[in-house]
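Notes follow the structure.
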Amino acid sequence: MGNKLFTEILENAPANEPERQFYFIEQIKALLDVKKGEGYEAKAMVTVIGCQMSAKDGEKLQGILQEAGYSITEKEEEADVILFTTCTVRENANQKLYGRIGQLKHLYQRNKDLIIGITGCMMQEKDEVETIQRKYPYVHLIFGTHNIYKLAEYLLETMLSKEKKVELLEDSAEIVENLPSKRKYSFRAAVNISFGCNNFCTYCIVPYVRGREKSRDSQEILKECEALVADGVKEIMLLGQNVNSYGLDKKEECSFPELLAKIAKLPGLKRLRFMTPNPKDFSDELLQVMKENENICNHIHLPLQSGSTAILKRMNRHYSKESYMALVKKIREVLPDVSLTTDIIVGFPGETEEDFQDTMEVVAYSKFDSAFTFQYSKRTGTPAAKWEAVPEDVVKERFQRLLEHIRLHSEEREGRDLGKVMEVLVEEKDKESENMLTGRLSNNVLVHFEGGERLIGEIVPVRLDKSMGFYYYGSVL
Ligand code: SAH
Ligand code: SF4
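FYI, in UniProt numbering the residues of the sequence shown are 1 to 477.
Structure below.
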């Protein structure tokens, strides 16, 4: 019965996107209206595992669900639909998903109408999908990174047929624009500028699970940013695996610095950030655009990965210890107040103590404000997975030494703005103490201060009274 109905609905569906998905959204809405009349609450929950890209995917799923008539809940016990966006960049991200879906078994046993769906990077890996199908039969919906926009179509089919739906694509043929997206914060938004990656760093799974690099049309990006500002957004974060190669896949597209300058000039946009620029093609032009536009935030996340030229070569990163240090020097000359953060991998196959010392040297030289440090995680299918691993105890010991070293050298720049009055974008109520708020400086450093909830989403002047290392206590003027 359900299948027949779905076939009929399918026959009348428009072929073009996004019209097709809006048609399915309307169909779900009509179905939910009937069910709501019978007491169905139509609640959905989206759980994000992973990076900002994954979070942005989560917002897209939420936008579609809400447009289709679901209300969003944070409690899985009351949800009728539970969706996950996943991460597979390191093994512990995979384990996190398995933990979460394992816990949902008892909910499904109580409510056989519960629809559990998984999308995102981890679903682009055949072995993981097989494991989920074998071990977690109550997962009904599996789709990948290239067809996230088709949620409404898949969800309707699952609702009507009660059968499993698994659809995975190798790469995306097109970028589908203008589908709904629900922002987590009213005052802050992430905007994709490109999808996928062409760099193939030898440790990294991203190019395999996100496909080849595809830049969005700059006009579409500008339109989206403009609409966000009109909707009250104060801060936009531009997202791409390597923002510096934006536009290179398209004949007549502008470069990343040009795009950044155009967005920075949108009237009313208070703050503009971007992530991630690869050191291999970080241009002087980009630094100039950052210098000339006050609303571009004073923060650069510049992933180092390793400080050893030999390791960087085997990582396929296309820069050296010396060229990275020269870039840091240039950045600090042009933007003396900039805050620099980084990513570092410890224990890449073949890493010797000497290689590790090179990483320590670059850390001492660069004085990062903070660093995300990772122990190398073997990803099946990447070239490095076949190379001989560094013993675990050696990796762990180097990792500890690196953490200590980063802390020591970040201290040299900590507290440098003490006593100054700086603009803070107020983000939320302080999790620890009553009557306190948490906000962020342009350079991404956190500030805690006393204030009322009504300041959330506003940019306010705050005097930085006390340095606590990587954050401040301050007072609103
Ligand atoms: N495109 C971004 C990185 C995205 S992945 C860039 O090039 O900077 C985020 C971070 O995860 C990477 O910077 C790297 O430090 C880490 N990472 C990626 N693959 C990893 C692996 N196999 N093991 C450990 N860390 C890894
Ligand atoms: Fe992975 Fe390298 Fe692409 Fe970043 S640039 S996503 S680390 S392959």
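Beta carbons: idealized from backbone N, C-alpha and C, even for Gly.
From which residue to which residue does the alpha helix (DSSP H) around residue i run?
i           : result
Pro257      : 256 to 264
Leu286      : 284 to 292
Ala93       : 91 to 103
Ile406      : 392 to 410
Lys58       : Correcting the residue type first, residue 58 is Gly in the shown sequence and not Lys. Here the alpha helix (DSSP H) through Gly58 covers 52 to 67.
residue 481 : Outside the shown range of the chain (1 to 477) lies residue 481, about which nothing can therefore be said.
Glu333      : 321 to 334
Cys225      : 218 to 230
Would DSSP call residue i helix, strand or coil?
i           : result
Gly37       : helix
Met237      : strand
Thr341      : strand
Ile72       : strand
residue 517 : Since the first residue of the chain shown is 1 and the last is 477, residue 517 is not available in this structure.
Phe187      : coil
Glu428      : strand
Asn444      : coil
Ile456      : coil
Ile132      : helix
Val81       : strand
His106      : helix
Ile148      : helix
Ile311      : helix
Ala385      : helix
Leu10       : helix
Pro279      : helix
Val176      : coil
Ser161      : helix
Asp355      : helix
Glu252      : coil
Asn295      : coil
Glu19       : helix
Per DSSP, residue i forms a beta bridge with which residues?
i      : result
Glu167 : Phe143
Gly474 : Phe449, Leu464
Glu423 : Pro461
Thr86  : Gly120
Gln305 : Ile344
Thr202 : Paired residues: none, contrary to the question.
Gly211 : The partner list for Gly211 (beta bridge, DSSP) is empty, contrary to what the question assumes.
Asn192 : Leu239
Gln375 : Val346
Ile300 : Leu340
Ile115 : Val81
Do residue i and the ligand SAH come close, with the Cβ less than 6 Å from some heavy atom?
i      : result
Tyr208 : no
Tyr376 : yes
Pro277 : no
Arg90  : yes
Asp343 : yes
Arg379 : yes
Does the beta-carbon of residue i, which I'm using as the reference point, lie nearer than 6 Å to any heavy atom of the ligand SF4?
i      : result
Cys204 : yes
Asn242 : yes
Cys201 : yes
Cys87  : no
Cys197 : yes
Which two residues bound the contiguous beta strand (DSSP E) that contains residue i?
i      : result
Lys43  : 43 to 48
Arg271 : 271 to 275
Phe368 : That residue, Phe368, is in no beta strand (DSSP E); it is neither H nor E in DSSP.
Arg440 : 436 to 440
Measure the beta-carbon distance from residue i to residue j and round it to whole angstroms, keeping in mind my assumption that it falls under 8 Å.
i           : j      : result
Val426      : Leu437 : 5 Å
Ala189      : Leu228 : 5 Å
Ser308      : Arg90  : The Cβ separation is near 21 Å, so there is no contact.
Leu327      : Ser320 : Leu327 to Ser320, Cβ: 10 Å. No contact.
residue 532 : Ala42  : It is not possible to answer for residue 532, since the shown part of the chain is limited to 1 through 477.
Leu168      : Met123 : 6 Å
His140      : Thr119 : Actually they do not touch by this definition, with Cβ atoms about 12 Å apart.
residue 481 : Ile49  : Outside the shown range of the chain (1 to 477) lies residue 481, about which nothing can therefore be said.
Looking at residue i and the ligand ADP, is the gap between the Cβ and the nearest heavy atom below 6 Å?
i      : result
Pro303 : Absence of the ligand ADP is noted for the structure shown, with the ligand SAH and the ligand SF4 being the only ligands found.
For residue i, would you say it is in contact with chain B, using Cβ-to-Cβ distances shorter than 7 Å as the test?
i      : result
Gln133 : Although the question refers to chain B, the structure presented lacks it and comprises just one protein chain.
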